[in-house]
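All remarks here apply to the structure that follows.
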Amino acid sequence: MTRIAFILLIISILLGACAPSPQAFNTSFPSEIDPDARYLFYLHGKIIEDQGLPAISPEYGEYQYHNILKTFAKHDFVIISEEREKDTDGVAYAKAVEQQIKDLLEAGVPARNITVVGASKGSYIAIFTSYFLKESEVKFVLLGSCSPSETQNLIDMNIHLYGNILSIYDFTDPYAGSCNELFSFSEGKGIDDYNEIVLDIGTGHGILYQPLDEWVLPTLNWAKQ
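Everything in the sequence shown is counted per my numbering, starting at 437 for the first residue and increasing by one.
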């Protein structure tokens with residue numbers, strides 16, 4: 437290798453090392469709030485609490501957290517998301533998300549421009565956020581939620597939904613189920629609009645691990661309506 441070629445190789449290596457990761461972009465709560473922007477909160481599944489990143493399930497593969505965030509960011513949303521600490525108290529976390537949404541509302545962001553997307557454990561955090569916030573125009577998307585036992589627990593605690601709620605789950609998901617019972621329980625108590633999509637993919641809870649069009653596109657449509 438010539439001296440010039442060697443120098444060019446070293447420069448390319450150094451530039452590559454200094455270049456920002458393609459996964460690295462800011463998803464913390466914005467220091468300056470644009471009242472004309474659309475905001476999307478993404479609340480991930482528990483596996484990221486347990487493992488950190490990368491989080492890899494032997495059954496479902498890697499949880500593509502950053503790819504999911506980047507997919508939503510391509511559609512002109514301000515993304516608000518973070519890796520939660522291990523064994524995060526979901527109810528306390530929901531109160532924190534509620535306060536962040538209130539901060540957006542107080543800064544002039546219309547409620548209809550705010551969407552909360554929760555996957556697995558994140559969906560239950562979204563449910564409690566909906567209950568605490570009590571804002572009819574904020575939108576929520578529950579991914580892989582409403583297992584029969586958890587639904588009954590929510591009803592027993594008198595937790596009902598507010599706002600516009602979309603539920604999406606795969607028909608083979610052993611950890612999720614229909615939210616229709618919770619929807620019915622919430623009628624007349626603050627829920628404004630709701631819908632449910634049952635996917636026929638066959639990978640169960642694994643649909644949450646990738647930004648699949650089958651759930652991403654309905655989520656985007658719900659957020660933008």
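Yeah, the Cβ is synthetic: ideal placement off N, Cα and C, and Gly gets one too.
Given a cut-off of 8 angstroms on the beta-carbon distance, is the pair residue i and residue j in contact?
{"i": "residue 635", "j": "residue 658", "result": "no"}
{"i": "residue 477", "j": "residue 545", "result": "no"}
{"i": "residue 618", "j": "residue 587", "result": "yes"}
{"i": "residue 601", "j": "residue 569", "result": "no"}
{"i": "residue 536", "j": "residue 516", "result": "yes"}
In whole angstroms, what is the alpha-carbon distance linking residue i and residue j?
{"i": "residue 488", "j": "residue 631", "result": "32 angstroms"}
{"i": "residue 670", "j": "residue 495", "result": "The chain is shown from 437 up to 661; residue 670 falls before or after that span and cannot be answered."}
{"i": "residue 648", "j": "residue 467", "result": "31 angstroms"}
{"i": "residue 596", "j": "residue 470", "result": "31 angstroms"}
{"i": "residue 580", "j": "residue 502", "result": "19 angstroms"}
{"i": "residue 479", "j": "residue 562", "result": "8 angstroms"}
{"i": "residue 519", "j": "residue 576", "result": "19 angstroms"}
{"i": "residue 557", "j": "residue 529", "result": "11 angstroms"}
{"i": "residue 613", "j": "residue 585", "result": "10 angstroms"}
{"i": "residue 523", "j": "residue 653", "result": "30 angstroms"}
{"i": "residue 590", "j": "residue 629", "result": "19 angstroms"}
Which whole-angstrom value describes the C-beta separation of residue i and residue j, a residue pair presumed to lie in contact below a C-beta threshold of 8 angstroms?
{"i": "residue 611", "j": "residue 566", "result": "Not confirmed; about 20 angstroms, so no contact."}
{"i": "residue 550", "j": "residue 574", "result": "5 angstroms"}
{"i": "residue 555", "j": "residue 571", "result": "Residue 555 to residue 571, Cβ: 21 angstroms. No contact."}
{"i": "residue 514", "j": "residue 560", "result": "With 8 angstroms as the limit, residue 514 and residue 560 do not qualify as a contact, their Cβ atoms being about 24 angstroms apart."}
Can you check which of these residues, the options, is closest to residue i by C-alpha distance?
{"i": "residue 531", "options": "564, 579 and 588", "result": "564"}
{"i": "residue 507", "options": "646, 479 and 584", "result": "646"}
{"i": "residue 463", "options": "472, 509 and 529", "result": "509"}
{"i": "residue 642", "options": "624, 625, 604 and 629", "result": "604"}
{"i": "residue 583", "options": "571, 576, 600 and 606", "result": "606"}
{"i": "residue 485", "options": "497, 514 and 525", "result": "525"}
{"i": "residue 499", "options": "473, 536 and 482", "result": "482"}
With which residues is residue i paired in a DSSP beta bridge?
{"i": "residue 575", "result": "551 and 600"}
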